[in-house]
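Under our numbering, think of the first position of the sequence shown as -14, with each following residue one higher. Virtual Cβ for every residue (Gly too), placed ideally from N, Cα, C. All values reported here derive from a predicted model rather than from experimental measurement.
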Amino acid sequence: MLCLVCGHDTTTPQATACRSCGTPFAGTAPAPHVLTPGSLLLEQTYSVGKVLGQGGFGITYLGSDTRLRRPVAIKEFFPAGCVRHSATVVPAGAWTPETYAEARQRFVQEGQALGRFRHAGIVQVHAAFEANNTAYLVMEYVRGQTLAALLLERGGRLDEAEVLAYVQRAAEALEVVHAAELLHRDIKPDNLMVSPDGRVVLLDFGTAREFSAGQTQRHSVLITPGYAPLEQYAQQAQHGPYTDVYALAATTYHLLTGVLPVAATDRAAGVELPPLQQLRPEVSAAVAEAVMAGLAMRARGVRAPGWSGCAAHGCW
-14 MLCLVCGHDT
-4 TTPQATACRS
6 CGTPFAGTAP
16 APHVLTPGSL
26 LLEQTYSVGK
36 VLGQGGFGIT
46 YLGSDTRLRR
56 PVAIKEFFPA
66 GCVRHSATVV
76 PAGAWTPETY
86 AEARQRFVQE
96 GQALGRFRHA
106 GIVQVHAAFE
116 ANNTAYLVME
126 YVRGQTLAAL
136 LLERGGRLDE
146 AEVLAYVQRA
156 AEALEVVHAA
166 ELLHRDIKPD
176 NLMVSPDGRV
186 VLLDFGTARE
196 FSAGQTQRHS
206 VLITPGYAPL
216 EQYAQQAQHG
226 PYTDVYALAA
236 TTYHLLTGVL
246 PVAATDRAAG
256 VELPPLQQLR
266 PEVSAAVAEA
276 VMAGLAMRAR
286 GVRAPGWSGC
296 AAHGCW
């Protein structure tokens, strides 16, 4: 039996999943909300395999480019609350047909925008298209482990020099994204992949958005507490490169200390964020100062009780 995704040949008739990539074989009942393994997309160009991850707005599968015979990652637009009837995604819960169609179109447009990047630190988008009343992004499949997995493997925190190397590469990729007037909006250890050849790759651009400098815009509220700055909790607020800078600083803080930063909303209510060097005194003063500057609480276009107006976090 050949795996529909990686092509691995298994001679065990009783096997229910590929021993090489883990994709369930055809006939194995998947979870009701995910595509059946072996499903074909875009005129049979792409084959769907096992689920790699799922977030509030999508499901990511391991897949295969059937023509070029290479593994790919396939992200399906599947907002929380929606349901699936066979392969078709149906808006439900808080989603109306109109809001769902609008968000689906933005998902495709953002994929098309990301497709123009050719940078080692930005996951490459091969295709963006609509099918099954939803939309799909086909991206390169990056092998390696996330910084979240590496943090767990290393016992909770990483060495300063190693962290700086990772963060520097991530920052260089973000500079390219920001130069194109896009924001990632979900920088965190789970979305930074370290490949065996040393690449640090930004993953999961499903929450990416365009920004207009100096303008307050309406944004969908998408947050990861601890990494999201205060402006991301508001539907109408100014966003800019500093939004991603805060998240990258929060990621650095977590990697160095092993402690998730206090959520921005709690900080706005008066909960103190412990200084980095208090948690890890051996970190150099220059690095600690830069990280804490990146975590400053002045959110542009947002006012909250207890907010004290410290230095803008765009300086890091």
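Cβ distance (whole Å) where residue i is taken to contact residue j below 8 Å
i: G303; j: V186; result: This structure gives no information on residue 303, because the portion of the chain shown stretches from -14 to 301.
i: G147; j: S269; result: In the sequence on display, residue 147 carries Glu and not Gly. With a Cβ gap of about 14 Å, E147 and S269 do not count as contacting.
i: Y121; j: L26; result: 6 Å
i: A98; j: L167; result: 6 Å
i: D189; j: G78; result: So it is not a contact: roughly 22 Å between Cβ atoms.
i: P266; j: H163; result: No, P266 and H163 are not in contact; Cβ-Cβ is about 33 Å, not under 8 Å.
Backbone secondary structure at residue i - three-state DSSP
i: G106; result: coil
i: A281; result: coil
i: L53; result: coil
i: H169; result: coil
i: F190; result: coil
i: R252; result: helix
i: Q39; result: strand
i: F196; result: Note that F196 scores a pLDDT of 47, beneath 50, so its modelled location is shaky and nothing firm can be said.
i: E125; result: strand
i: Y231; result: helix
i: H224; result: coil
i: L264; result: helix
i: Y31; result: strand
i: T236; result: helix
i: L47; result: strand
i: V75; result: strand
i: E115; result: strand
i: T209; result: coil
i: H18; result: coil
i: V276; result: helix
Contact set for residue i: own chain, Cβ-Cβ below 7 Å, skip 5 residues either direction
i: Y238; result: P246, L261, V276, L280
i: G243; result: G141, R142
i: R119; result: Correcting the residue type first, residue 119 is Thr in the shown sequence and not Arg. If we look at T119 and ignore the five residues flanking it on each side, its Cβ neighbours are E61, F62, F63, V74, R89.
i: G100; result: V110, A113
i: A158; result: H104, G106, I107, L187
i: R252; result: L258, M282
i: F102; result: V161
i: A235; result: G211, Y212, P246, L280
i: P76; result: C67, P82, Y85
i: T117; result: At residue 117 the sequence reads Asn, which differs from the Thr that was named. Closer than 7 Å at Cβ, skipping near neighbours: A72, T73, V74.
i: K173; result: T209, Y212, A232, T236
i: L264; result: T242, V244
i: V152; result: L233, T237
Reference residue i, options the options, closest by Cα
i: A232; options: A86, E274, D171, G243; result: D171
i: T228; options: V244, T209, Q153, E267; result: T209
i: W80; options: S71, R91, C67, A72; result: C67
i: T51; options: A72, A65, H70, E28; result: E28
i: A150; options: H169, H70, M124, L241; result: L241
i: G249; options: A155, L132, L20, A219; result: One point to set straight first is that residue 249 is Ala, not Gly, in the sequence displayed. Comparing Cα positions, the closest option is A219.
i: R154; options: L167, L132, M282; result: L132
i: S71; options: F92, V152, A16; result: A16
i: P56; options: H18, P76, R69, T30; result: T30
i: R69; options: R91, A116, V19; result: V19
i: D175; options: V93, Q130, E274, Q94; result: Q130
8 Å Cβ shell around residue i - same chain, five flanking residues per side excluded
i: R128; result: S180, P181
i: M124; result: V57, A58, I59, K60, V108, Q109, V110, H111
i: A156; result: L233
i: E115; result: R89, V93, Y121
Cutoff 6 Å; reference residue i; Cβ partners in own chain excluding five residues on either side
i: V161; result: H104
i: A256; result: Correcting the residue type first, residue 256 is Val in the shown sequence and not Ala. Result list for V256: V247, in chain order.
i: R184; result: A105
i: V93; result: A113, A120
i: Y318; result: Because the chain here runs from -14 to 301, residue 318 falls outside it and cannot be looked at.
If contact is defined by three or more beta carbon pairs under 8 Å, each pair taking one atom from either stretch, is the segment 210 to 227 in contact with the segment 130 to 137?
no
Would you call the segment 58 to 71 and the segment 34 to 48 touching, i.e. three or more CB-CB distances under 8 Å?
yes
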